[in-house]
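Line by line, the protein sequences give chains A and B. According to this note's numbering, the stretch in the first sequence is residues 204 to 559, in order. According to this note's numbering, the stretch in the second sequence is residues 440 to 711, in order. Quick reminder that beta carbons are idealized off the backbone N, C-alpha and C, glycines included. Quick caveat, the model's predicted, so the values are computed rather than measured. Worksheet: the structure to be examined is printed underneath.
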Amino acid sequence: METYFLKNDDQLKFYERLEQEYDLYVPVKAESALKHEYEGQAKLPSADYFLKKFSQVNKEEIIFNEYRTVEPTRAFLTHYKEDIGNYKERPQALCGIKNCDIFSLKIQDSVFLGGEEVDPLYKARRDNTLLISGDCPHFKEVCFCRAFDINPYPVEGFDFNLSPLNNGYLLDVASQKAKIIALSLKGILTPATLGQLSGRAAKRESVNRRMDEHLAQHKIPKKEVLQEIVLSGYNSGVWQDEIRTCVECNGCVFICDTCHCFLLSEDSSSENARRLRLWDGCLLKNFTKVAGGANPLRLRYMRLRNRFLKKFDFFIANLGYQACCGCGRCIEVCPGKIDIRRILRKLYEEKYIPTG
Amino acid sequence: MKKNIYQPVKAVIEEIIEETHAIKTFRLRPEADFNFATGQFIELTVPGVGEAPFTPSSDPGVKDSLELTIMNVGEVTSKLHTLHKGDVLGIRGPYGQGYPLDKFKGRDILIVGGGVGLAPLRSLLFSLFSGIDNYNKVVLRYGSRTSGDIVYKTLLPEWGKKDKVDVLVSVDVGDSSWLGNVGLVTTVLDNTGVDYSSAAAIVCGPPIMMKFVTLKLLDLGFQPPDIYLSMEKSMSCGLGKCGHCRVGKFYACKDGPVFTYEQLKDIHDIWD
Chain A
204 METYFLKNDD QLKFYERLEQ EYDLYVPVKA ESALKHEYEG QAKLPSADYF LKKFSQVNKE
264 EIIFNEYRTV EPTRAFLTHY KEDIGNYKER PQALCGIKNC DIFSLKIQDS VFLGGEEVDP
324 LYKARRDNTL LISGDCPHFK EVCFCRAFDI NPYPVEGFDF NLSPLNNGYL LDVASQKAKI
384 IALSLKGILT PATLGQLSGR AAKRESVNRR MDEHLAQHKI PKKEVLQEIV LSGYNSGVWQ
444 DEIRTCVECN GCVFICDTCH CFLLSEDSSS ENARRLRLWD GCLLKNFTKV AGGANPLRLR
504 YMRLRNRFLK KFDFFIANLG YQACCGCGRC IEVCPGKIDI RRILRKLYEE KYIPTG
Chain B
440 MKKNIYQPVK AVIEEIIEET HAIKTFRLRP EADFNFATGQ FIELTVPGVG EAPFTPSSDP
500 GVKDSLELTI MNVGEVTSKL HTLHKGDVLG IRGPYGQGYP LDKFKGRDIL IVGGGVGLAP
560 LRSLLFSLFS GIDNYNKVVL RYGSRTSGDI VYKTLLPEWG KKDKVDVLVS VDVGDSSWLG
620 NVGLVTTVLD NTGVDYSSAA AIVCGPPIMM KFVTLKLLDL GFQPPDIYLS MEKSMSCGLG
680 KCGHCRVGKF YACKDGPVFT YEQLKDIHDI WD
């Protein structure tokens, strides 16, 4: 992998080059309705970022997002409702992707590209997607990637990666596609110096340290015990306690970057109906209902537990890692203040900390 | 883009057989020959309504048509029951792991069916009959709610007359027209002539029936790896992607629908 330095002043040229070949999405700052409140509010940034089409934003709006965007990256790879017989899109380039998102893509890839049959629409779109990721110089209160040994800066899984440094960025060029683009940008890229590389390493160390200090208060169990505690906690009262404030909006599912469940449906009741693929969610009441009315997950707490078993038992058993990247999107979106960190901590404490 | 894996092929309804007041067998003729292994399932599209999973009830040796025995119980099936010969459906598949016939060779085979759960078992029986020399004996115990709910009424006595095959039908609730056995299917599993220590048991029926039959089989001396169960779960894609049919660390569509009790016994609430 080659690393270059890109000056702030030349960043737009980089984007314009990408725009020639791709539908380019860039991060912008925006007010969102997500209002996650916590003690010591002022200590951590709370701004929200969204990805918008480069062709539709004022260039002054484009910003380097200091942490992940509001929308999950998977929303660019499977749309919430789409005709699966069709793919006629321009290739897309996504900026502002973070390491949590890259981790989640491993789950999406395993589902849609793995198994006996490859999902052709996902594959076409994935092959035509350029990922321009970036380091996280900051994090939100809800961010907890480091609890699961995922760092807030990517070292693989991207085409380009941007690390902010002084008056510009270090630009990692990883893939063949990225190399070809970088070649055409020779004029604005200078090879990174050792000093710049060690400057980046120091910044990365600093965000690691700050995040670890922040996470200490949440006491999130290590990834090695996740499977064990969700299985041993099957009959725990935690599920019933925590589900009380759930309004079954499924926000946690739809904003989750590792969730992948879908439902095949018809777009009309006509005989020539087209087949659609819709995002589905396991907190929805009828997710597991069968003809005749039987429903193994008939109560809300069963569905909450199912979500955890899927993330921390099923995926660990089958892939070796959990379907949670620590992005905290589900915490932020929940109107009932249900917090995945708290549930995992309670399950851990029930198993390992004897009550007097 | 490659072919759409979720798109069905057309299949015309060639024949409809009324099994009971609520159950019909549909013989379909797909556009092209259709191969499946006994116990595998397909996704059936009723155009304009949607899809549902069914395990064919016909002989896998027949390639140009397949039969599905279906109870009128939900959205897709209620529309299906109003259709006629000549109407067009869609099918895709086959999916999942069927019955491992190789593992049944040289053994006694006890087949326990409940209600419309006899449908996949009929396909299995056809497969066993066509290689009957490979098996020691085939014992079928079929439970139905009432005599009016029995499927394959003319076939069952014919099967019973076959060499190495023993068939007994029991109804939960008797009536004046029924001269056979009355009692839950769990009550006709003793003294079947099957060597319980070495036999394979194959069970398909409503979850509550499968639960109590499994417990009974364990009592009789069956080992968990020798009990084969068909798990009914909500399914959409059939390919292990849509996420609906998770059973512990398995997907029913991909790792099942046929599981051994050994695979399932440590998973909570499997009968729900």
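Cut-off 6 Å between Cβ atoms - residues of its own chain near residue i, not counting five sequence neighbours on either side
i: A:M414; result: F342, R349
i: A:A476; result: E469, D470
i: B:G622; result: S609
i: B:A640; result: L549, L656, F661, I666
i: A:A526; result: I310, T461, K514, F518
i: B:V451; result: R468, V527
Under 9 Å from the C-beta of residue i: neighbouring residues of chain A
i: B:I444; result: I287, E320, V321, D322, P323
i: B:K693; result: G318, E319
Proximity of residue i and residue j at Cβ, strictly below 8 Å
i: B:L467; j: B:L505; result: yes
i: B:S609; j: B:V590; result: no
i: A:C339; j: A:G531; result: no
i: B:L483; j: A:E320; result: no
i: A:F253; j: A:V231; result: yes
i: A:I310; j: A:R478; result: no
i: B:L563; j: B:G489; result: no
i: B:G682; j: B:F689; result: no
i: A:T272; j: A:L374; result: no
i: B:E458; j: B:T508; result: yes
i: A:G484; j: A:F490; result: yes
i: B:K524; j: B:E454; result: yes
i: A:F217; j: A:C528; result: no
N-terminal and C-terminal residue of the alpha helix (DSSP H) that residue i is part of
i: A:P323; result: 323-330
i: A:L209; result: Here A:L209 belongs to no alpha helix (DSSP H); instead the beta strand (DSSP E) covers 205-210.
i: A:Q399; result: 397-419
i: B:Q702; result: 700-703
i: B:E514; result: 514-519
i: A:E269; result: Note, A:E269: premise wrong, no alpha helix (DSSP H); not H, not E.
i: A:I432; result: 429-435
Span of the beta strand (DSSP E) around residue i
i: A:P394; result: 392-394
i: A:R478; result: 478-482
i: B:K576; result: 576-583
i: A:E285; result: 284-286
i: A:K291; result: Run containing A:K291: none; DSSP gives neither H nor E here.
i: A:C298; result: 295-300
i: A:Y252; result: 251-256
i: B:I452; result: 448-457
i: B:R466; result: 462-469
i: A:K232; result: 226-233
i: B:A491; result: 489-493
7 Å Cβ cut-off: residues of chain B touching residue i
i: A:R503; result: Near A:R503 there are no residues of chain B at all, since even the closest Cβ is about 15 Å away, more than 7 Å.
i: A:L197; result: The question about residue 197 of chain A has no answer, for chain A in this structure spans 204 to 559.
i: A:V314; result: K680
i: A:K513; result: R685
i: A:G495; result: V512, G513
i: A:E469; result: G487, G489
i: A:T461; result: Here the premise fails: no neighbours, minimum Cβ distance about 11 Å.
Proximal chain A residues relative to residue i, where beta-carbon distance stays under 8 Å
i: B:K688; result: D516, F517, A520, N521
7 Å Cβ shell around residue i - same chain, five flanking residues per side excluded
i: A:S249; result: K343
i: A:V260; result: V229, V231
Within chain A, partners of residue i - CB distance below 7 Å
i: B:H712; result: Any question about residue 712 of chain B goes unanswered here, given that chain B covers just 440 to 711.
i: B:T516; result: A494
i: B:E671; result: V493
Cutoff 8 Å; reference residue i; Cβ partners in own chain excluding five residues on either side
i: A:A520; result: Q430
i: B:H460; result: G587
i: A:H463; result: R277, T281, I310, Q311, V314, F315
Residues that residue i contacts on chain B, provided the C-beta gap is smaller than 9 Å
i: A:R293; result: Under the 9 Å cutoff, chain B gives no residues; its nearest Cβ is about 15 Å from A:R293.
Contact set between residue i and chain B, taken where Cβ atoms lie within less than 8 Å
i: A:A476; result: P486, G487
i: A:S472; result: G487, V488
i: A:F490; result: S673, H683
beta-carbon residue i near the ligand NAD non-hydrogen atom, thresh 7 Å
i: A:L550; result: Ligands displayed in this structure: none; no statement on the ligand NAD is therefore possible.
Chain E contact residues for residue i, given Cβ-Cβ distances below 7 Å
i: B:D711; result: Among the protein chains in the structure shown, which are A and B, there is no chain E.
> What beta strand (DSSP E) runs, 3 residues minimum, are completely inside the stretch 629-688 of chain B?
Replying inline: 639-643, 666-669
>> Suppose only complete runs of 3+ residues qualify. What are the beta strand (DSSP E) ranges in the stretch 449-511 of chain A, listed by chain order?
In response: 465-469, 478-482
> Enumerated in chain order, which unbroken segments of the beta strand (DSSP E) with a length of 3 residues or greater are wholly contained in the stretch 310-385 of chain A?
Replying inline: 332-337, 363-368, 371-376
>> Please give me, in chain order, every unbroken run of the alpha helix (DSSP H) with length at least 4 that falls completely inside the stretch 579-619 of chain B.
In response: 594-599
> Which full runs of the beta strand (DSSP E) of 3+ residues lie inside the stretch 530-584 of chain B, going along the chain?
Replying inline: 547-553, 576-583
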